[in-house]
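These protein sequence lines are chains A and B, in that order. Counting from 13, one number per residue, gives the positions in the first sequence under my numbering. Counting from 1016, one number per residue, gives the positions in the second sequence under my numbering. Glycine residues also receive a C-beta, built at the ideal position from the N, C-alpha and C atoms.
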Amino acid sequence: MMPEYNKLEQLACVAAKYLEDGKTVAVGTGLPLIAASLAQKTHAPNLIIIFEAGGISPIVPTLPISVGDSRTTHKCLMAAGLAESMETMARGLVDYAFLGAAQIDMYGNINSTQIGLDHAHPKVRFPGSGGANDFGSLCWETLLVLRPHDTKKFVPKVDFITTPGYLTGPGTRDSAGLPPNTGPSHVITDLGVLGFDEQTKRMKIEKVHPGITIATIRENTGFELLLDTKVSETEEPTAEELRLLREIIDPERRIIGR
Amino acid sequence: MNIITEGIGELFQKVTPNEFREWTRENKSRMLIDKRMTEKEAVSRFVKNGNYLAIGGFGHVRIPMAVIYEIVRQRIKDLSVAGHTAVHDLDTLIAGGCVKNVDAAYITGYEVRGLSAVQRRAYESGSVKLTEWSNGTLAWRLKAAAIGVSFLPVRCLLGTDTMKYSAAKVARCPFTNDIYALVPALFPDVTIVHVHRCDIYGNAQIDGAVVKDDLSARAAKRVIMTTEEIIDTEQIREQPWNTIIPYYNVDAVIEVPWGSHPGNMPLRYFYDNDFINKYLEAGKNPQELAKFLDEWIYSLEDFDEYLTKLGFKRLRRLRDEEFMRRKDDA
């Protein structure tokens, strides 16, 4: 019998599998860090974590509150700064960026700046780019974790493009001047995993979580989704993954909850 | 150089590398002089209405709160601020009515604690004006100033609304024909930093992430430095490779133990979560916020009084938390 788990635990376990051993990942606090930590403790012991405030390859003792607090430089190899971490991305040394967002469109453009179209008087003001624009421009591959998967988040047009996805389609990242061969690869949600079609750069359904149908994902997405040639089911969290999450990585359940 | 496109955001600080060199030549002492003073004196001498401010640390980590409180206490107005992961530092200045413009990279948020009502009101009402950037591009704007040039070409912002609402420009490289975003140098009038230790001249060491303090101290006309402790210059000379900010950038040195409170000071003390949560709660209601500011800023003479009010027991608990010594903490 499979163990019981919640949606956040499932998200963390699915997201972790996209991080390969021996690569580098730029993360923020929260779920991306949980997924990266889980990857390190399972299939990717040589995954290197980079925090933008300057913590390079830390051994994170407990979950940080800030990307810049003392937990993000704990036993790290170098305590550097913002310029150094972003310049490392610019040099092509960072494989994955791991981001969240308030809104996303079919090309993976993301909004973490505002709800509403008037920049001078937004309905809701969010933090803005932080490091997201730098991460999403400069890292090779951008992984996105978004929840809940609904039509408020998955919209035909984001209110503000904070961080570039594939902009308006094939070739537009390059023509805007962004470094070649970069862009979002996967969007992991509480319903499944979305990828991007090679030809059109549009979002497509790649995987569904157990018990979720393609129709449910389509109903909860505000634009037309393409379908991968073979859509599969995501793996359920194993007992060992859940133990790591609950006992080692987030024992206070600050992010994964109960 | 042909400009392909440019942001419509306002440039809050003029780009003045030549003027900066001249100003530095005339005004920055090369002498090793004792720069110790109180936060009251430093703010009244160096922070003027309408100035552009860069603040060290990472928003709620290693922040120069004694000077921030003093700016609020002296009711300095119309500041422009570099909003690099601007959390409790900028929030307090906005709560005090000191801020007119923000170069936004990360604002409004308290990271995992969520959004601040104080900043949301300021930006959603339009009472504080914003120009958009990212943490990387703001750092590179300071870097451009620190290396004495007027802009740097970078490979982000491109293609986005962050670019559109920035004050960057887009142009082709004259060597490779690649397209770059050109970010203008940022020369703050005043940079305020909090460090772990420095000598009386301002030679400073920082433990943990430097964030962008090395750059913002080099880019500014004036640097006000608060420090957990003042050490002998001999100790600086024994480990000169640990000097992150050299004395000639620094104009004021203020010894302020616990000076990042309620923020984290890496390897010294943890966040005062109780204080931050009470502040965030008060911030939801302007009257409650006014009471909070009165209690913790206006009614107090200086940071010493603030620490006395907090009490040693509370501070010692924060030190234990930083070193993860207590598991049973309430």
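Residue i, enclosing alpha helix (DSSP H) - first and last residue
| i | result |
| --- | --- |
| ALA1160 (chain B) | 1150-1161 |
| MET1080 (chain B) | 1080-1088 |
| THR154 (chain A) | No alpha helix (DSSP H) contains THR154 (chain A), which is instead part of the beta strand (DSSP E) from 153-158. |
| SER244 (chain A) | Note, SER244 (chain A): premise wrong, no alpha helix (DSSP H); beta strand (DSSP E) at 238-245. |
| VAL1058 (chain B) | 1054-1061 |
| ALA51 (chain A) | 43-53 |
| THR1039 (chain B) | 1032-1042 |
| THR100 (chain A) | 94-102 |
| ALA1232 (chain B) | 1228-1234 |
| PHE147 (chain A) | 144-150 |
| LEU254 (chain A) | 251-255 |
| LEU972 (chain B) | The shown model of chain B, from 1016 to 1345, leaves out residue 972 (chain B), and the question about it has no answer. |
Run of the beta strand (DSSP E) containing residue i, from where it starts to where it stops
| i | result |
| --- | --- |
| ALA1097 (chain B) | 1094-1098 |
| ILE226 (chain A) | Counting along the chain, ILE226 (chain A) falls outside any beta strand (DSSP E), though it belongs to the alpha helix (DSSP H) covering 226-231. |
| LYS1144 (chain B) | 1144-1147 |
| PHE1166 (chain B) | 1166-1169 |
| GLU1270 (chain B) | 1267-1270 |
| PHE63 (chain A) | 60-63 |
| ALA38 (chain A) | 36-39 |
Where residue i sits in the DSSP three-state scheme
| i | result |
| --- | --- |
| GLY195 (chain A) | strand |
| PRO109 (chain A) | Position check: residue 109 (chain A) holds Ala in this sequence, whereas Pro was assumed. If DSSP states are grouped into helix, strand and coil, ALA109 (chain A) belongs with the strands. |
| LEU1130 (chain B) | strand |
| GLU1025 (chain B) | coil |
| ARG214 (chain A) | coil |
| THR1206 (chain B) | strand |
| ASN1116 (chain B) | strand |
| ILE1122 (chain B) | coil |
| ARG1077 (chain B) | coil |
| ASN1288 (chain B) | helix |
| ALA1345 (chain B) | Only weak support exists for where ALA1345 (chain B) lies, its pLDDT of 43 falling under 50; the coordinates are left without a value. |
| ILE1109 (chain B) | helix |
| ILE68 (chain A) | strand |
| MET1178 (chain B) | helix |
| TYR178 (chain A) | coil |
| ALA137 (chain A) | Looking at the sequence provided, one finds Arg at residue 137 (chain A) rather than Ala. Three-state result, ARG137 (chain A): strand. |
| ILE1019 (chain B) | strand |
| TYR1321 (chain B) | helix |
| TYR17 (chain A) | coil |
| ILE1251 (chain B) | helix |
| ILE267 (chain A) | coil |
| VAL26 (chain A) | helix |
According to DSSP, residues forming a beta bridge with residue i
| i | result |
| --- | --- |
| ARG1212 (chain B) | B:GLN1220, B:GLU1244 |
| GLN115 (chain A) | A:ASN123 |
| TYR1195 (chain B) | B:ALA1186 |
| LEU31 (chain A) | Note: LEU31 (chain A) sits in no beta bridge, so no partner. |
| PHE208 (chain A) | A:MET215 |
| GLY1072 (chain B) | Its beta-bridge partners do not exist; DSSP assigns none. |
| ILE1260 (chain B) | B:ALA1219 |
| PHE166 (chain A) | A:ILE116 |
| MET1280 (chain B) | B:TYR1284 |
| MET90 (chain A) | A:ILE68 |
| TYR1067 (chain B) | B:SER1095 |
| ASP1051 (chain B) | First, the amino acid is wrong: residue 1051 (chain B) is Arg here, not Asp. Looking at the DSSP assignment, ARG1051 (chain B) forms a beta bridge with B:VAL1268. |
| ARG1237 (chain B) | B:VAL1205 |
| THR201 (chain A) | A:LEU158 |
Chain-ordered chain E contacts of residue i [CB-CB under 8 Å]
| i | result |
| --- | --- |
| ALA65 (chain A) | Structure shown: chain E not included; protein chains present are A and B. |
Review point. For the segment 1233-1251 of chain B against the segment 1192-1199 of chain B, are there 3 or more C-beta pairs whose distance is under 8 Å?
Key: No, the segment 1233-1251 of chain B is not in contact with the segment 1192-1199 of chain B.
Exercise for review: Please determine if the segment 68-86 of chain A and the segment 1122-1142 of chain B are in contact, where contact requires at least 3 C-beta pairs separated by less than 8 Å.
Suggested key: Contact holds: three or more Cβ-Cβ distances are below 8 Å.
Check your understanding: Is the number of C-beta pairs between the segment 217-234 of chain A and the segment 125-142 of chain A that are closer than 8 Å three or more?
Key -> As far as the Cβ criterion goes, the segment 217-234 of chain A does not touch the segment 125-142 of chain A, which means the pair count is below three.
Practice item. Indicate whether the contact test is met: 3 or more Cβ pairs, each with one atom in the segment 83-94 of chain A and one in the segment 102-121 of chain A, closer than 8 Å. Key: No: fewer than three Cβ pairs fall under 8 Å.
Practice item. Would you be able to state if there are at least three C-beta pairs under 8 Å between the segment 145-159 of chain A and the segment 195-213 of chain A? Key: Enough Cβ pairs lie closer than 8 Å, so yes.
Practice item. Using a Cβ-Cβ cut-off of less than 7 Å, give me the residues of the segment 1265-1295 of chain B that come near chain A, in sequence order. Key: Listed by position along the chain: ASN1279, PRO1281, LEU1282, TYR1286.
Review point. Is the segment 1070-1078 of chain B touching the segment 1269-1288 of chain B, taking contact as three or more C-beta pairs under 8 Å?
Key: By the Cβ rule, the segment 1070-1078 of chain B counts as touching the segment 1269-1288 of chain B, because three or more pairs are nearer than 8 Å.
**Study point:** Segment contact flag, the segment 1158-1174 of chain B with the segment 136-153 of chain A, C-beta cutoff 8 Å, min 3 pairs
**Key:** Note that the segment 1158-1174 of chain B touches the segment 136-153 of chain A; at least 3 beta-carbon pairs, one per stretch, sit closer than 8 Å.
Check your understanding: When Cβ atoms are compared, which residues of the segment 1129-1141 of chain B fall closer than 8 Å to chain A?
Key -> So the close ones are LEU1130, GLN1134, ARG1135, TYR1138, GLU1139, SER1140, GLY1141.
Check your understanding: Going along the chain, which residues of the segment 1210-1230 of chain B sit with their C-beta nearer than 7 Å to a C-beta in chain A?
Key -> Result list: GLY1223, ALA1224, VAL1225, VAL1226, LYS1227, ASP1229, LEU1230.
Practice item. Please confirm if the segment 1178-1189 of chain B is in contact with the segment 1020-1028 of chain B, defined as three or more CB-CB distances below 8 Å between the two stretches. Key: Taking 8 Å as the limit for Cβ pairs, the verdict is that the segment 1020-1028 of chain B does touch the segment 1178-1189 of chain B.
Check your understanding: Are three or more beta carbon pairs between the segment 257-266 of chain A and the segment 42-56 of chain A nearer than 8 Å?
Key -> With a cut-off of 8 Å, the segment 42-56 of chain A and the segment 257-266 of chain A count as touching, because enough Cβ pairs lie within range.
**Study point:** the segment 1306-1316 of chain B in contact with the segment 1087-1098 of chain B per 3-pair CB rule at 8 Å
**Key:** Output reads yes: the segment 1087-1098 of chain B touches the segment 1306-1316 of chain B.
Review point. Quick check: the segment 1241-1250 of chain B against the segment 1287-1302 of chain B, are there 3 or more CB pairs under 8 Å?
Key: Verdict: no, contact absent.
Exercise for review: Count the C-beta pairs between the segment 1102-1118 of chain B and the segment 87-106 of chain A that are closer than 8 Å, then say yes if the count reaches three, no if not.
Suggested key: The segment 1102-1118 of chain B vs the segment 87-106 of chain A: no contact.
Exercise for review: Using a Cβ-Cβ cut-off of less than 8 Å, list which residues of the segment 1183-1205 of chain B approach chain A; keep chain order.
Suggested key: Answer in chain order: VAL1185, ASP1193, ILE1194, TYR1195, ALA1196.
Check your understanding: If we count Cβ pairs, one from each stretch, closer than 8 Å, do we get three or more for the segment 1033-1040 of chain B versus the segment 1058-1066 of chain B?
Key -> They do not touch, by the three-pair rule.
Review point. Can you find at least 3 beta carbon pairs, one from the segment 1277-1286 of chain B and one from the segment 1323-1340 of chain B, that sit closer than 8 Å?
Key: Yes, since at least three Cβ pairs between the segment 1277-1286 of chain B and the segment 1323-1340 of chain B fall closer than 8 Å, the two stretches touch.
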